[in-house]
Amino acid sequence: MKQTLNYGKISWAYNDFDPGVHCRPSPFLAFVPIRINGKLRSPKFSDKISLQLLKHKSEKKLLFIDAYKQWVAEGSWIDRDLGEGRAFLRWLQKNKLSIEWKISDMKLHSYFSGEDAPKHDPDDELAFDLSFAVKPVEVDGRKVKLYLQDEAVLSLINMPYGEDQDFLELVSEYVRLRFQLEEWKAPAPPFLDWVKSQAKRPVFLGGQLGLSLK
């Protein structure tokens with residue numbers, strides 16, 4: 108089932124999300140279509156670029172719709188080798204601009220907007236500059252919180268192949284492996300590399316992964 112959001116004469120749709128059913132929440136963010144010269148144009152940004160746009164900061168800011176229209180008017184979008192998202196981000200960086208975001212500019216995937224979505228503790232130094240929070244798991248009587256780099260999370264969400272397995276089940280198996288490797292004083296593979304080596308592909312339930320932008 109789809110629901111439609113209306114912004115004046117502009118509308119866009121997104122799929123309903125059931126937190127009790129496994130999903131792969133990608134794209135994690137969709138941007139509102141923008142009317143340019145009487146026609147709607149939908150910004151097509153990858154998950155990676157969308158996150159970089161949200162985190163990109165500068166002293167001078169423009170509203171998203173104004174910045175996007177100006178970028179299109181200048182013809183910067185024609186650099187197809189970069190792709191639309193990277194070209195737009197590079198244009199912002201070149202002009203020392205960033206976006207002054209409004210809630211109406213985007214639709215966050217409902218997976219990340221649930222009340223039970225985990226968040227980083229603001230005093231957690233290990234979470235500095237990390238955009239995603241992982242729900243802690245309990246393994247062998249020990250509660251463990253796994254920290255993942257942004258690119259690793261996006262790769263997990265967008266993994267194109269593998270046997271589907273619950274995300275937190277994979278986290279628990281990995282933590283148990285880490286405990287064993289610590290006893291052996293052996294090096295441990297990064298979580299993403301380990302998941303790939305197991306030929307697994309994570310699927311997610313509500314409350315397992317949260318977006319925690321500061």
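Residue numbering for the sequence shown follows the working numbering, starting at 108 and increasing by one per position. Idealized CB from N, CA, C, for every residue including glycine.
(1) By the three-class DSSP mapping on this structure, what secondary structure does residue 181 have?
(2) Measuring straight from C-alpha to C-alpha, what distance separates residue 169 and residue 228?
(3) Is it the case that the CB of residue 179 approaches a heavy atom of the ligand MG more closely than 7 Å?
(4) Quick check on residue 196: buried or exposed, where buried means 16 or more other Cβ atoms within 10 Å of its Cβ?
(5) Can you tell me which of the three DSSP states residue 197 falls into?
(6) Name the two residues that bound the continuous beta strand (DSSP E) containing residue 97.
(7) Sort out for me which residues DSSP pairs residue 205 with in a bridge.
(8) Rounded to whole angstroms, what is the Cα-Cα separation between residue 208 and residue 268?
(9) Is residue 266 helix, strand or coil when you go by DSSP?
(10) I'd like the ranges of any beta strand (DSSP E) spanning at least 3 consecutive residues and lying wholly in the region 204-263.
Judging by the given coordinates:
(1) coil
(2) 30 Å
(3) Absence of the ligand MG from the depicted structure is noted, as is the absence of any ligand whatsoever, leaving it without description.
(4) buried
(5) helix
(6) An answer regarding residue 97 cannot be provided, because it is not within the stretch 108 to 321 covered by the chain.
(7) 168
(8) 34 Å
(9) coil
(10) 204-207, 213-215, 239-241, 244-246 and 249-251
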